[in-house]
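Encoded as structure tokens, the structure appears first; notes follow it.
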Amino acid sequence: MGVFFVTSCSDEFLEVKPRGLDLESTYYKNRDEAYNGLIAVYDVVGFMSSGLITKVGAVNSASDDHYAGGGGPTDVNDFQVWSNYTLSPDVGPQEALWAKGYQGIFRANALLSKLPDVPMSEAEKARFIAEAKVLRAYFYFDLVRLFKNIVLSTAPITPNEMYSVTQSPPSAVYEQIEKDLIEAIPNLPNKVSGAEAARLTAGAANALLGKVYLYQEKFGDAATTLAKVNGPDPGQENPTYGYALLENYGDLFLTSNEFNKESIFEISYTNESAGNWGCSSCSDGNILGVMAGPRGFSINAGFEGEVPAYVSGWSFFSITPGLADAMEGDPRYPHTIADIGRWKEEGKVNYTPGYMDTGYFLDKFAAKQHDRWGGAGDADLNYPHNIYEIRLADTYLMEAEALVRGGGNTTRAQQLLDAVRARVGLDPVPATFDNIFNERRLELAGEGHRWFDLVRTGRAAEALAFKGFQAGKHEILPIPLLELENTALQQSKEYGGSL
Amino acid sequence: MKESLLQRKRLIQCFLLLLLTATWGQALAQSRSVTGTVTDGANGDALPGVSIVVRGTSTGTISDANGQFSIQVSSDEDVLVLSFVGYTKAEIPVAGKTNITIALTPDVTTLEELVVVGYGEQKKSVVTGAISSVKADDIAGQPISRVEQAIQGRTSGVIVAQNSGQPGSSATIRVRGITTLNGNDPLWVVDGVVVDNGGIGYINSSDIESIEVLKDASSQAIYGARAATGVILITTKKGKAGRMAVDYTGFYGTSAPARRLDLLNATQYATLRNEASVAGGGGIVYPDPQSFGKGTDWQDHIFNNDARRQNHELSLSGGNDKSTFYTSFGYLDQEGIVASEISNYNRVNVRLNSTHKIAKWLTFGQNLGYARTKSVGLGNTNSEFGGPLSSAINLDPITPVVETDPIKASGAPYNEAGVLRNADGYPFGISSAVGQEITNPLAYIQTRKGNYSWAHDIVGNAFAEVKPIEGLVLRSTIGTKIAFWGSESFTPQYYLNSSTKTSQNNFNRSQNQVMNWTIENTIAYTRSFNDLHAATLLLGQGAYVDDNTRATNVTYFNLPVDNFDDASMNYAIPTTDINANGGEGQLHKVSSLFARLNYDYDERYILTAIIRRDGSSRFGSNNRYGYFPSFSAGWNVTRENFWPQNDVVNFLKIRGGYGVVGNDNIGNFSYLATIGGGRNYTIGNLGGYANGFSPNAPPNPDLKWESTSQANVGFEATFLEDFSITFDWFNKKTYDILQYPRIPAYIGAISNPAANVADMQNKGVEVDLGYRRKFGELEFSVNANVSKIKNEVTSLGNGVEFLSGGQSFQASSYPITRTAVGQPFNSFFGFRTLGIFQTQAEIDNYVNPEGDPIQPNAQPGDFKWADIDGNGNIDGDDRTFIGNPFPEWTFGVTINMSYKGFDFMMLGQGVAGNQIFQGLRRLDVSNANWQSDALGRWTGPGTSDDYPRISTQDPNNNFTNPSDFYLEDGDYFRIKVMQLGYTLPQSISGKVGMSRARIYLMAENLLTFTKYTGFDPEIGGGVMSIDRGIYPQARSILIGVNVGF
């Protein structure tokens, strides 16, 4: 009968071939697929949440050098509440920053679990493994310094253990970070360029490792490791990695000058990913360009060319008078601070003051007209300029700090500090911790280091008192509320928890 | 590709083979012919279309337009069986006669009525499941733009709530409540073809012969795997043998909003803003509020009080004893009442149904419907993030519609590139007080002019039916849904305000297509013994393929034009200005075997047993097949010999059933770990970016069917001749609900894995009441239904008390709903207010056991929050369940009256027992306009105990906390349709060759009784009753004509 016949057709009938969809069980079958997996880990380095949260945007808002700014008191509210220290376990940037870290770690762990079986050249495989480990270390380092009490896993978490994992002590996390970096360094190239300019090098891994040591106040290890990055002669090109300070400070922030000799670990963006508001977080452009720009900006007739042609933006990260005062007269001022308030008073420009307006804007990020993308996608989401995660002036100052605080070679510390100042034509000052610390603020202003520096040195409570920072609480972010629901995780004691 | 072709070929082979197995001929007996006439026993009119069958054979015919027939009989002992819907069946012995006149008696009860039950029909008297029917007569000539409206108020146990008043928009339908946490839309089956919920809008309501809603498991089980959320069967009209009938129905009219919000005028607004600013530590914003007068009433500018609407339907039907046909054309054109220029709907329908009797034992036929729709939508129809409605509510009344002051119009911000202007060249006003997505709605309209979406839907089937021997019917059906849909939109460069602007124009075209198909083969064998036992066995097999979609989407940026009409993809532009993407749906396949046994003893004791086995491509090989059994029984008490003949209870049937149905509504390949792309990074400095891929979510190889069991007990009765009642009680339990439960972010997956996580229960009762009486020439009938339902989530998995997330609302950090164990699905969740602190002393006295103030930051005029967790302060743990968005009660009533040529009908429907979240005001736009209840705000001790003080600072979170402050009762009763008609006497209409001529006047949504303060209490959606500025339903006044030839 017909029915009988048809039944025999049905088992085969139910086998459906996926259309354009790869399965994890059959993926990672060659070098190219492994490389795609590696790119996915790098992707998280440039992370932006759908609510426009980026690491640098968030820590800038939290620091004493910036207010969150924006269009109003709740504009990108997660920045606002960190800026004025009213954040709580349910409101703040913690959810996005937590998700960022673990997305990177998940992708790194997945790749690391697959790589041993991928048929490809062993040398290249070793490099992929090393890159994945450095990236994992990088994500863990951000998580542990932002949250302190975090989940540590070096393999994908299986469905069975999903709800039972617990937090690890920070020391265990730091141990894993160091281990990953130390294992990775021998398998990374010393130099990269061109089509792979944004890939990690041994120099970048050493710089990160040195920074990790410094955060743990392992000053000896920090100085030794950072010295490898900085080279034997401060101020001269490092023969191993090719690093050298750029001659002209302003050149650091030109879109045309990306991946320069001073760049160690650079976060890379493009204007060609056609990012649009349908999925803002999918864009591979740099949101900081429009966020930092002055609101309703226009140059008055006759003054074109006299002031930079900023793109009209959203007035985030307005610079505090504290930083502006500290930088008064510093040669780096014009490359750091756009004095738009003053230009308006002088009748050169017009702009609409945003929330917590000071008249000072962050020139390093505020996009200029020539960087504005006119192609497919929304211009606001497609600024191409890169930002530095670590650059040589930073590692110079970190090594100098490690030497001074750890009782090391003070001559070299002085040389390192002098080199940073000499590049912008400033006279030497004694290499004391305070001077080095102040130099970090001025040299690296707006680049996302200040809040971390204040916290790790115990200076946050004083410097951030004017914003409502409470010692013993605001040194870390709360564990996001959603992470505590139905899980074994505990809130940090700073936020009323038990850890 | 090759494989699937092969599979399809094989299935077609299967189909043909089945036909062949049935084509064994049969011997023809010697015979003679009998002729006759069938008339209506009540008025003597000829009855066309009556089925006449020689008892015990498959020989049959149908009476023609004059009620006449001719049929072959083999002997004088033969008996003719005459049957026709609405008349009592008659059995007439031939007894040597060659010409017979037979008068059929109209059936006063509806028990002989046929009910479509899936793969067949049953007499209503022997149906054992809970099925609600809507018949063609119930909806004839009514203002039904979409089929969902035909069910609303007319069926018990079914909630229908419009998702928007936008013409052509779909409705949310829930059959016996919320069955599951994922898709709760019912399965639509049109003439045996499964049509997805979103696509059902293609059908023209006047083509519908009947709609059956299968509500309990014993009726649903025949659709096994996809029946859990209810099945709605639509049967389209068929032609009847006899005279050709031509019918035209059309109406034309106008629509207007039924209600407007009471918003502050410019003076009131300025006054409140001054007050808010001063309270927040700022200064006076507007020194002279009176100078603004009334300002702009934005509602005046978006609402259309004369939105036109027309509908025309023309049908032709007829046929002879070999072939019958029904063909129809429909045309509908409707303007929306909000920004009509960018809100309207147009549909053209064609239907071709026909049946051909090729031989006595072989029938072929097809049912085919086509619709072309063009809809122009204004975008956000229930969204706080912009769109004309939200903007009209929130925009300040001080901003002018257009800026006519030449000095202002040439200064900032009107000098920005992209500022839009009206026909006279004046720029549309841009608010200096309210920003973000809230923009001048008239300017917003300019950014969408000309944009539309379109669809072509073709749904149909072709079938062959073979009756090789008496009682045996083999039927094969191939069904398909083919649809093409897409949109065209041009967005000009615009500047609506400093944050809503774009510097590039773009022109987007999307095109999609789908071809889903179905093959079903059934064998039914009916046999009766001793005229007492009757049994039908149905065996069936089906194969279903859907989600067979293709999509292409292209956007051109920076075209050298500034409006939709000039936009073209013929312009040569740089490839960097072109963005294109596309995709294909993952095929979803279901393969099924099913069997049903119906048995009755003298129509007294009735049994139905069903089993269906479904295989779904959505599960791994270990859980691929699901078995769905059901059993039901009925007892027609009044057919018992012991039941005394009486005039009180004329009919009583008690019935009950139990069954299990399934649901595979989860994404394809969810049981596997898949790799996702788009995780790209700019890895070099040579331009462009590299593509990244990584796993999406951990796999769940044990993913299995979600199942819903349901017990149903009920009775149907007719008493005192005129009254009828149907009662049902049910208990429905859903297990292993398929979901993508949120996993902790520390897992790091970008999406959540599928899992069988939850259990849910729905209990309820449904009552349908009818009364029908003729008082002289006045005919009167009332049908009413009322249903009560209680939903409860009974489990969310081991140790999980509630699902993370919930419905988000504006920028509020708390979701406003929560799905938790022991509560109804997505209940409203938030803070509870305990009035307003009138004085500082009240704040100081609101202390915890330690004597510390619970709300130390509060000021007089702030809400007093309930300290639910009793920990002495107010935080997220003080939220609780504050309301239910899903109505507890639904009810409907239909009244019909006719007197001589006049007829009147009224349909009313409503719900009760739910709350609505009235979230119309933007909380994060502090200068947004207020509704007039803000005039009753707290301004000093004793001034208000329910509306807090107004301030730009809100440290007590009076407004930002989701709370019972935003909840209102959602009860309403609505006069949905009211119609008054007059039919011309046949003596007049007959003169111009018409068999019927009727004119009628009708009103839709004439009156709504509710305490709700928003536009409209009827708010559909995945979670109902959240008002973000819903597009309200229109009130329409229509005049119509109905003529037949």
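Chains as they are written, first to last, in the numbering used here: chain A, 16 to 514; chain B, -9 to 1035. Just so you know, even glycine gets a beta-carbon here, dropped at the ideal spot from N, CA and C.
Under the three-state DSSP convention, the category residue i falls into
i	result
A:Val56	helix
B:Trp14	For B:Trp14, the pLDDT reaches just 36, beneath the cut-off of 50, and the residue's location in the model is therefore unreliable, leaving the point undetermined.
A:Gly512	coil
A:Leu469	helix
A:Glu462	coil
B:Ala452	strand
A:Gly17	Confidence at A:Gly17 is low in this model, with a pLDDT of 37, below 50, so its placement is unreliable and no value can be given for it.
B:Tyr534	strand
B:Asn746	strand
B:Pro1082	Missing from the structure shown is residue 1082 of chain B; chain B here goes from -9 to 1035 and no further.
B:Met559	coil
A:Arg160	helix
A:Glu287	coil
A:Asp299	coil
Beta-carbon proximity check, residue i vs residue j, cutoff 9 Å
i	j	result
A:Lys363	A:Gly461	no
B:Lys64	B:Ser21	A small fix is needed here, since residue 64 of chain B is Ser in this sequence, not Lys. Yes, the pair counts as a contact, with Cβ atoms nearer than the cut-off.
B:Val967	B:Met992	yes
A:Tyr366	A:Phe312	yes
B:Thr1103	B:Gly369	Nothing can be reported for residue 1103 of chain B: it is not among the residues displayed for chain B, which extend from -9 to 1035.
B:Gly220	B:Ile163	yes
B:Leu549	B:Phe480	yes
B:Thr57	B:Thr29	It is Gly, not Thr, that sits at residue 57 of chain B in the sequence shown. Contact flag set, yes.
A:Ala381	A:Gly300	no
B:Leu486	B:Tyr434	yes
B:Ser422	B:Arg912	no
A:Tyr100	A:Phe484	yes
For residue j and residue i, believed in contact at Cβ under 8 Å, the rounded distance
i	j	result
B:Ser606	B:Ala215	6 Å
A:Gly250	A:Ala434	4 Å
B:Ile601	B:Tyr617	7 Å
Exposed unless 16 or more other CB atoms sit within 10 angstroms - verdict on residue i
i	result
B:Asp35	exposed
B:Pro931	exposed
A:His464	buried
A:Ile282	buried
B:Pro564	exposed
B:Gly182	buried
A:Ser330	buried
B:Ile1029	exposed
A:His81	buried
B:Ala17	Interpretation of B:Ala17 is limited by its pLDDT of 35, a score under 50 that renders its predicted location unreliable; the figure taken from the coordinates is listed afterwards. B:Ala17 should be labelled exposed.
B:Phe720	buried
Residue i: CB within 8 Å of a non-hydrogen atom of the ligand PLP
i	result
B:Asp395	Among the ligands in the structure shown, none appear at all, so the ligand PLP cannot be discussed.
| Touching or not, the segment 335 to 346 of chain A and the segment 381 to 389 of chain A, by the rule of three or more beta carbon pairs under 8 Å? | Fewer than three pairs of CB atoms, one per stretch, sit closer than 8 Å, so the segment 335 to 346 of chain A makes no contact with the segment 381 to 389 of chain A.
Would you be able to state if there are at least three C-beta pairs under 8 Å between the segment 390 to 406 of chain A and the segment 273 to 290 of chain A? Yes: the two stretches touch, three or more of their Cβ pairs being nearer than 8 Å.
- Kindly confirm or deny that the segment 491 to 510 of chain B and the segment 465 to 474 of chain B touch, where touching means at least three C-beta pairs closer than 8 Å. Verdict: yes, contact present.
If we count Cβ pairs, one from each stretch, closer than 8 Å, do we get three or more for the segment 31 to 42 of chain A versus the segment 658 to 666 of chain B? Contact holds: three or more Cβ-Cβ distances are below 8 Å.
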